[in-house]
Amino acid sequence: MLHGTFKALAQEFYRFYAEAAHTIKQMCPDVQVGGYAPCAVNEPGRYEFFLGFLNYMDTHSHAFDFLSFHAYADSADKLK
Amino acid sequence: MAEIHVNALNSTGAIKPLNGLCNAPQMRTLKYWKRAGVPYTRLHDSFLGLWHVVDVSAVFPEFSKDENDPASNDFVMTDRYLAKVLESGAGIISRLGETLYDMPDVSKITTPPASYEKRGRICAHIIMHYNEGWNKGFH
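From first to last, the protein sequence lines are chains A and B. If you're matching positions, the first sequence starts at 33 in this note's numbering and goes up one per residue. If you're matching positions, the second sequence starts at 13 in this note's numbering and goes up one per residue.
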């Protein structure tokens with residue numbers, strides 16, 4: 033499970049994004065579609081998932097116009 | 013400690029605005045948003061009072077319903093919420109996702125949907141509502 037936010041394996045999440053994004057692109061071809069809006073990708077566990085997502089996009093996705101991510105700067109360590 | 017060096021003689025383009033915010037202004041903060049010239053706001057964990065808005069499950073609460081039927085969607089409160097952002101002049105960055113905070117049934121949104129393509133069609137209709145006016149939308 034992905035950090036309590038998705039009750040399935042990582043590959044399933046990647047497939048979820050790829051298929052949903054592809055459908056959106058088919059219906060809205062002029063819209064830029066991207067994701068997956070993770071936070072703290074540099075933390076253990078999350079970074080491996082992040083790399084897996086990028087790898088899946090390289091080999092499976094037809095709708096990945098941008099990568100979105102964010103960080104919570106609630107501690108000085110997270111800004112490094 | 014990192015050092016930052018600035019070459020003021022070399023112009024590489026305009027500085028991107030960095031004063032974006034999150035979610036919508038409230039009545040008492042709207043004037044400050046306008047004064048600050050907030051360029052964009054990202055919508056996440058959005059609530060209008062106690063109303064859950066913006067998220068895909070807020071607009072399309074019953075996944076089993078027909079995603080191509082406009083009546084399956086409930087845009088009312090999310091439209092009101094986004095109207096407050098538009099009044100501020102800020103652009104909207106909306107993510108088609110779900111909030112985990114203060115939700116009574118988290119399992120409903122952490123369980124993968126039965127059909128990823130259907131989820132995509134639901135999201136596409138949300139985009140069409142705000143970008144093209146589908147289902148009495150505004151754009």
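Beta carbons are placed, not taken as given, at the ideal position from N, Cα and C, and that holds for glycine. Keep in mind the model is a prediction, meaning the values are calculated, not measured.
For this session: Measure the Cβ-Cβ separation of Val-2(B) and Leu-33(B) and say whether it is below 7 Å.
Result: With chain B covering 13 to 151 only, the question about residue 2(B) has no answer from this structure.
Exercise. Expressed to the nearest angstrom, what Euclidean distance is found between the alpha-carbon atoms of Asp-97(A) and Met-13(B)?
Worked result: The residue given as residue 97(A) occupies position 65 in the first sequence. The residue given as residue 13(B) occupies position 1 in the second sequence. Asp-97(A) and Met-13(B): Cα-Cα distance of roughly 35 Å.
Exercise. Which residues share a DSSP beta bridge with Arg-54(B)?
Worked result: For the purposes of this step, residue 54(B) is taken as residue 42 along the second sequence, with counting starting at 1. Paired residue(s): Cys-34(B), Ile-105(B).
Exercise. In terms of residue numbering, what span does the alpha helix (DSSP H) encompassing Ala-126(B) cover?
Worked result: Locating residue 126(B) in the second sequence gives position 114, where the first residue counts as 1. From DSSP, Ala-126(B) is part of no alpha helix (DSSP H); its letter is neither H nor E.
Exercise. Quick one: Cα of Tyr-93(B) to Cα of Gly-145(B), how far?
Worked result: If you number the second sequence from 1, residue 93(B) lands on position 81. If you number the second sequence from 1, residue 145(B) lands on position 133. C-alpha separation (whole angstroms): 16 Å.
Exercise. Does Cys-71(A) get closer than 7 Å to chain B when you measure Cβ to Cβ?
Worked result: Position 39 of the first sequence, counted from the first residue, corresponds to residue 71(A). Taking Cβ atoms only, chain B never reaches closer than 7 Å to Cys-71(A), which makes this a no.
Exercise. Quick one, are the C-beta atoms of Ala-102(B) and Thr-53(B) less than 7 Å apart?
Worked result: Position 90 of the second sequence, counted from the start, is the residue given in the question as residue 102(B). Position 41 of the second sequence, counted from the start, is the residue given in the question as residue 53(B). It is a contact, given that the beta carbons lie within the stated cut-off.
Problem set entry | Rounded C-alpha distance that separates Ile-121(B) from Lys-43(B) | Locating residue 121(B) in the second sequence gives position 109, counting from the first residue. Locating residue 43(B) in the second sequence gives position 31, counting from the first residue. Rounded to the nearest angstrom, the two C-alpha atoms are 35 Å apart.
Problem set entry | Length of the line joining the Cα atoms of Leu-112(B) and His-56(B) | For the purposes of this step, residue 112(B) is identified with residue 100 of the second sequence, where counting begins at 1. For the purposes of this step, residue 56(B) is identified with residue 44 of the second sequence, where counting begins at 1. Using only the alpha carbons, I get a separation of about 10 Å.
Exercise. If you draw a straight line from the alpha carbon of Phe-81(A) to that of Met-89(A), how long is it in whole angstroms?
Worked result: The residue given as residue 81(A) occupies position 49 in the first sequence. The residue given as residue 89(A) occupies position 57 in the first sequence. Going by the C-alpha atoms only, they are around 12 Å apart.
Problem set entry | Cβ-based contacts, 7 Å cut-off: residues of the segment 124-140 of chain B near chain A | Pro-124, Tyr-128, Glu-129, Arg-131, Gly-132, Arg-133, Cys-135, Ala-136, Ile-139, Met-140
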